[in-house]
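Numbers 12 to 179, taken from the working numbering, label the letters of the sequence shown in order.
A quick write-up on the structure given underneath.
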Amino acid sequence: MEALGMVETYGLIGGVEAADVMLKLAAIPLGKTEKVRGGLVNVSITGDIGAVKTAVEAGASTVKGLGDTYCYCSHVIPRPDNQVIPLYKEDEDIKQKGAKTTAELEEVVQECQPVFLETPVEIEPGEIHLTSNEYRKRLEKTEELVQGMVRRKMVAVLMEEFEKRGKN
């Protein structure tokens, strides 16, 4: 292995999209995919330095195309030290311990009846934390939408007045 490339996204959709683009672009193996806390998904690839760099740039660019907030970060480490390898390689023993047969999975499945609550449950929205740039972009989008609605309403009012005057 000559390079390690990683793309970290908000949400699974961005992670799957990044992995798809990276694997289609370069003949490189998919390393480890990991769901990190806070909705972050980390997708890593390994291979030739040039191929990994190109694939990571393309993957990150594609995820940014989904929306500015989907791509958290991306990075390429050329020739990582051997002590770093266990951090991103999946352990085969862990995979085997986690594997279950179909019979074991069928034992886990239980039939449950839905529970209906007598009192309605109210959920309060949580706080949204935005950077100043994200907030500015949202304000600009809102401003564009409002201006469009105002223009349409003004045109409708002016047309209505014009038609009234034409009938008189």
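Note that CB positions come from ideal geometry on N, CA and C, so glycine has one too.
Note that the structure is a prediction, hence the values are computed from the model and not measured.
Can you name, in chain order, every residue of its own chain whose Cβ lies under 6 Å from the Cβ of residue i, other than the five neighbours on each side?
| i | result |
| --- | --- |
| SER85 | VAL18, VAL67 and ALA71 |
| ILE88 | LEU15 |
What is the rounded straight-line gap between the Cα of residue i and the Cα of residue j?
| i | j | result |
| --- | --- | --- |
| ILE24 | LEU77 | 9 Å |
| GLU13 | LEU34 | 17 Å |
| GLY61 | PRO97 | 23 Å |
| ALA37 | VAL63 | 7 Å |
| THR130 | GLU154 | 40 Å |
| LYS164 | ARG176 | 18 Å |
| LYS178 | VAL161 | 26 Å |
| THR142 | ALA69 | 25 Å |
| GLU174 | PRO125 | 59 Å |
| GLU135 | TYR146 | 21 Å |
So, for residue i: in the same chain, excluding its five sequence neighbours on each side, which residues have a beta-carbon less than 8 Å away from its beta-carbon?
| i | result |
| --- | --- |
| THR44 | GLY26, ALA30, VAL52, ASN53, VAL54 and SER55 |
| GLU133 | none |
| LYS148 | ASP79 |
For residue i, count neighbouring Cβ atoms within 10 angstroms of its own Cβ and tell me buried if that reaches 16, exposed if not.
| i | result |
| --- | --- |
| TYR83 | buried |
| GLY58 | buried |
| VAL74 | buried |
| VAL32 | buried |
| GLY42 | buried |
| LEU169 | exposed |
| GLU28 | buried |
| LEU128 | exposed |
Quick check on DSSP: helix, strand or coil for residue i?
| i | result |
| --- | --- |
| ALA14 | strand |
| ILE56 | strand |
| TYR146 | helix |
| GLY78 | coil |
| PRO125 | coil |
| LEU41 | strand |
| THR20 | strand |
| PRO97 | helix |
| VAL161 | helix |
| LEU51 | strand |
| VAL168 | helix |
| VAL63 | helix |
| VAL87 | strand |
| ASP31 | helix |
Answer yes or no: does any C-beta atom of chain B fall closer than 8 Å to that of residue i?
| i | result |
| --- | --- |
| LEU141 | Of the chains in the structure shown, none is chain B; there is only one protein chain. |
I'd like the list of long-range same chain contacts for residue i, defined as Cβ closer than 7 Å, with 5 residues on each side in sequence excluded.
| i | result |
| --- | --- |
| TYR21 | GLY50, LEU51, THR80, TYR81 and TYR83 |
| LYS46 | VAL52 |
| LEU150 | none |
| PRO91 | LEU15 |
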